[in-house]
Every structure is written in structure tokens, then in C-alpha cells.
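Reviewing the structure listed below.
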Amino acid sequence: MRAEGKEIQQEQSYVAGDAIYYIYHAASEDLIREHAERSNGVATEITEITTLIKHNTSVVS
């Protein structure tokens with residue numbers, strides 16, 4: 001889709017039990033739904049991430 005000039009990038013995927021969660025950077029929810037359709041997947045719920053909290057575990061004190 002990016003080759004088509006669409007602003008979407010899948011950043012992470014998480015498996016939890018019988019569910020898979022995807023993290024996207026996308027210009028719109030419609031692009032996420034389109035990506036899911038093209039991938040033969042289902043986007044049942046889309047939630048915007050408003051805050052990212054980074055945890056640095058490499059620091060030793």
C-alpha cells in the first residue's frame with residue numbers, strides 16, 4: 001500500500017491468547033481497515049494510541 005502512496009506502516013504485532021493485536025502508524029482508520037481486508041484479516045476494533053511510555057531496562061544503577 002505504501003508503494004501506492006498510502007500513509008500506512010505496520011509497526012508491531014502482539015499475540016495474546018487467541019487474539020492478535022497490530023500497531024500501525026497510519027493516516028486514517030480507513031487505511032487500517034483496507035490493509036486488514038487486503039491481508040484477509042479483520043479489524044474489529046481500532047483504538048488510537050495517544051501516549052507512548054518507553055521503559056528503558058538497559059540502565060543499571
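First residue of the sequence shown? That's 1 in this note's numbering, and the numbers climb one at a time after it.
Note that beta-carbon positions come from the ideal geometry of N, C-alpha and C, so glycine has one too.
These numbers come from a predicted model, not from an experiment.
Pair within 8 Å by beta-carbon distance, residue i and residue j
i, j, result
"Ala36", "Ala26", "no"
"Tyr21", "Gln10", "no"
"Ile46", "Leu31", "no"
Limits of the unbroken alpha helix (DSSP H) element including residue i
i, result
"Ala16", "No alpha helix (DSSP H) holds Ala16; the beta strand (DSSP E) holding it covers 8 to 16."
Beta-ladder partner(s) of residue i, from DSSP
i, result
"Ala26", "Ile8"
"Ile20", "Val15"
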